[in-house]
Every structure is written in C-alpha cells, then in structure tokens.
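Going by our numbering, the first residue of the sequence shown is number 3, and it counts up by one from there. Since the structure comes first, as structure tokens, the remarks are kept for the end.
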Amino acid sequence: AKPVIVAIDGPSGTGKSSTSKAVAAQLGLSYLDTGAQYRAITWWMVSNGIDLDDPTAIAAVAGKPEIISGTDPAGPTITVDGVDVAGPIRTQEVTSHVSAVSAVPEVRSRITDLQRSLAGAAERGIVVEGRDIGTTVLPDADLKIFLTASPEARAARRSGELEGADVNATREALIKRDAADSSRKTSPLAKADDAVEVDTTQLTLAQVIECVVTLVEEKR
Ligand code: C5P
Numbered sequence: 003a004k005p006v007i008v009a010i011d012g013p014s015g016t017g018k019s020s021t022s023k024a025v026a027a028q029l030g031l032s033y034l035d036t037g038a039q040y041r042a043i044t045w046w047m048v049s050n051g052i053d054l055d056d057p058t059a060i061a062a063v064a065g066k067p068e069i070i071s072g073t074d075p076a077g078p079t080i081t082v083d084g085v086d087v088a089g090p091i092r093t094q095e096v097t098s099h100v101s102a103v104s105a106v107p108e109v110r111s112r113i114t115d116l117q118r119s120l121a122g123a124a125e126r127g128i129v130v131e132g133r134d135i136g137t138t139v140l141p142d143a144d145l146k147i148f149l150t151a152s153p154e155a156r157a158a159r160r161s162g163e164l165e166g167a168d169v170n171a172t173r174e175a176l177i178k179r180d181a182a183d184s185s186r187k188t189s190p191l192a193k194a195d196d197a198v199e200v201d202t203t204q205l206t207l208a209q210v211i212e213c214v215v216t217l218v219e220e221k222r
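Pasting the structure below:
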C-alpha cells in the first residue's frame with residue numbers, strides 16, 4: 003500500500019497529541035509531534051541565553067541546534083544536540099516563550115524542512131500533528147483533520163496534565179498562546195479549506211480516535 007499522510011491541526015488542549023499517537027499506533031504509522039520540535043528549539047534558545055524579545059537574534063541562530071525526532075508512536079523521542087529534552091520542553095518557561103520563537107520565519111522554514119523530510123521517509127505513512135501541517139507543511143496530505151474544543155474543555159484537559167495547575171490561569175495562558183499562534187504572519191494556526199473539522203468538546207478520547215481512524219481507513 004502507498005504511504006498515507008495524515009495532518010492533524012488545532013489549538014492546544016484539543017487532544018491532538020493523544021489522538022495522533024493512538025491513531026498512528028493503531029494503523030502502524032509513524033508519528034510526529036511538531037510542537038515538540040518548536041519547544042526543542044525554544045529550549046535551546048533559552049538555555050543559550052538568546053534574547054527572545056529580539057526576532058533578529060533568534061533568526062541568526064535558528065540553524066544552530068540539531069533537532070532529532072524519533073517517530074515511533076509507542077515512544078516518541080526528541081533530542082537537541084544529542085541531549086534528551088522530552089522533559090525540559092514541557093516546562094512553563096519553554097511554554098511561555100514558544101510562540102515568540104515559532105513566529106520567526108527562519109525558525110519555521112528550518113523546522114518545516116525537517117518535518118517534510120521525516121514525512122517523506124516514513125515507509126508506511128505518518129500522522130503529523132501541529133498548527134500548520136494541513137495548510138503549509140504537507141498541503142497534499144491524504145487526510146487533514148482540524149480538532150477544536152471549547153476553551154473550558156481545553157483548559158480542563160491541560161490543567162489535568164500539569165502538576166498543581168490552576169484551571170483559570172491555564173485557560174488564560176492557552177487563550178493567549180492560541181491568539182499569538184493564530185495571528186502571526188508566517189504560517190499561522192488555521193484550518194485548511196479541505197480539512198475535516200472535529201469538535202471534541204463532547205467526545206471522549208476513544209470516540210475522537212475512532213472517528214479519525216475511520217476517516218483514514220476511508221482514504222486507503
Ligand atoms: O502542540 P504544542 O502545544 O506542544 O505546541 C507548542 C507551540 O509550538 C505552539 O503554541 C506554537 O507556537 C508552536 N507550533 C507551531 N507550529 C506547529 C506546531 C507547534 O508554531 N506546527
């Protein structure tokens with residue numbers, strides 16, 4: 003069978019990662035978390051004292067860190083210059099700076115190239131999750147999904163994942179990050195015209211997974 007390429011986009015807290023990983027595992031496909039790549043380059047910038055208020059400074063070093071993503075859905079990995087950063091990329095510090103770093107065009111073109119080469123190398127196909135996969139990274143994907151959910155549902159899910167998180171503060175931070183991601187000039191968070199929109203507010207994770215698996219199978 004020819005490799006199948008699935009693009010899953012949407013704002014934070016809609017269940018993109020859990021859904022994408024499970025769909026890839028069920029169908030024997032590779033899996034790529036593109037948010038982890040933007041978090042990884044942001045972690046490197048923070049660790050190296052780059053001035054994150056200065057897009058020119060960010061652009062100047064965008065090509066420096068070597069970012070390697072492991073695409074097995076059973077245990078996705080991410081390293082920067084050989085260092086395992088799976089834990090450090092989830093801190094508040096990285097989360098609060100990632101939108102600024104990922105808005106810089108030099109960062110996006112660099113990471114987009116990585117994403118396209120990983121997608122091209124996946125023998126059986128791949129599920130790629132992010133914000134601009136259907137619109138920019140893989141416009142010819144076989145299936146594009148756009149996941150949404152109410153801000154309340156998204157904040158509740160996210161604060162459930164973070165230790166000691168306050169739901170109201172989480173909701174405000176999410177809304178702020180989505181606004182930044184949706185309004186940036188280069189490749190903003192957006193639904194592709196040919197994407198299938200799935201509102202997950204009233205659905206369980208198992209229902210969302212089943213829905214996406216069915217849509218992929220229809221394409222094969
Ligand atoms: O998905 P996650 O919340 O880990 O993504 C972190 C951030 O990475 C997003 O808020 C966004 O700024 C950036 N991102 C992006 N394009 C993608 C995936 C993530 O700009 N395709």
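All C-beta atoms, glycine included, are put in the ideal place defined by N, C-alpha and C. Computed from a predicted model, the values in this text were never measured in an experiment.
Q | Closest residue to P189 among S101, V87, N170, R222 (Cα-Cα distance) | A | As a position in the sequence shown, residue 189 is number 187, starting the count at 1. The sequence as given places Ser at residue 189; Pro does not occur at that position. Per the Cα distances, S101.
Q. Exposed or buried, which one is S14 when buried takes at least 16 other CB atoms within 10 Å?
A. Here residue 14 corresponds to residue number 12 of the sequence shown, with the count starting at 1. Buried, since its Cβ has 16 or more Cβ neighbours within 10 Å.
Q.
Residues in the same chain with beta-carbon distance under 6 Å from I135, minus the five sequence neighbours each way, listed in chain order, please.
A. By one-based count along the sequence shown, residue 135 stands at place 133. Cβ neighbours of I135 beyond the five flanking positions: A9, D11.
Q.
Distance check for T114 and V139, CA to CA, integer angstroms please.
A. As a first step, residue 139 is located in the sequence shown; it is residue number 137 there, counting from the start. As a first step, residue 114 is located in the sequence shown; it is residue number 112 there, counting from the start. Each residue's alpha carbon lies about 6 Å from the other.
Q: Give the C-beta separation of L31 and G127 to the nearest angstrom, bearing in mind that I take them to be a contact with Cβ-Cβ under 8 Å.
A: As a position in the sequence shown, residue 31 is number 29, starting the count at 1. As a position in the sequence shown, residue 127 is number 125, starting the count at 1. Confirmed, Cβ separation roughly 5 Å.
Q) Relative to ligand 1, is the shortest distance from any of its heavy atoms to the C-beta of L116 smaller than 8 Å? A) The count along the sequence shown starts at 1 and reaches residue 116 at position 114. No, the Cβ of L116 stays beyond 8 Å of every heavy atom of ligand 1.
(Q) DSSP three-state label for T73, please. (A) For the purposes of this step, residue 73 is identified with residue 71 of the sequence shown, where counting begins at 1. Of the three classes helix, strand and coil, the one that applies to T73 here is coil, per DSSP.
**Q.** Limits of the unbroken alpha helix (DSSP H) element including G2
**A.** Not covered by the structure: residue 2. The range shown for the chain is 3 to 222.
Q: With a threshold of 16 other CB atoms inside 10 Å of the CB of P78, please say whether the residue is buried or exposed.
A: Within the sequence shown, residue 78 is the residue found at index 76, counting from 1. Looking at its Cβ environment, which holds 16 or more other Cβ atoms inside 10 Å, P78 is buried.
Q) Going by the beta-carbon positions, is the gap between S98 and A157 smaller than 9 Å? A) Position 96 of the sequence shown, counted from the start, is the residue given in the question as residue 98. Position 155 of the sequence shown, counted from the start, is the residue given in the question as residue 157. Not in contact: S98 and A157 (Cβ atoms no closer than 9 Å).
Q | From V48, D86, W46, E108, residue whose alpha carbon lies closest to that of T58 | A | Reading the sequence shown from its first residue, position 56 is the one you call residue 58. Checked all of V48, D86, W46, E108; the closest Cα to T58 is E108.
Q: May I ask you to list the residues that DSSP assigns as paired with K146?
A: Along the sequence shown, read from residue 1 onward, the residue named residue 146 stands at position 144. Partner(s): A9.
Q: Assign A181 to one of two classes, buried (16 or more other C-beta atoms within 10 Å of its C-beta) or exposed (fewer than that).
A: Start at 1 with the first residue of the sequence shown, and residue 181 comes out as number 179. Exposed is the call here.
(Q) Going by the DSSP bridge assignment, what does Y40 pair with across the sheet? (A) As a working mapping, residue 40 is identified with position 38 in the sequence shown. According to DSSP, Y40 bridges with nothing at all.
Q) Can you name the start and end residues of the alpha helix (DSSP H) that S185 belongs to? A) The sequence position of residue 185 within the sequence shown is 183, counting from 1. Segment 169-185, the alpha helix (DSSP H) holding S185.
Q | Rounded separation between E95 and K178 - CA only | A | In the sequence shown, counting from the first residue as 1, residue 95 sits at position 93. In the sequence shown, counting from the first residue as 1, residue 178 sits at position 176. In a straight line, the C-alpha of E95 is about 15 Å away from that of K178.
Q: Quick one: which unbroken alpha helix (DSSP H) runs of 4-plus residues sit fully inside the segment 57-120? Chain order, please.
A: 57-63, 94-104
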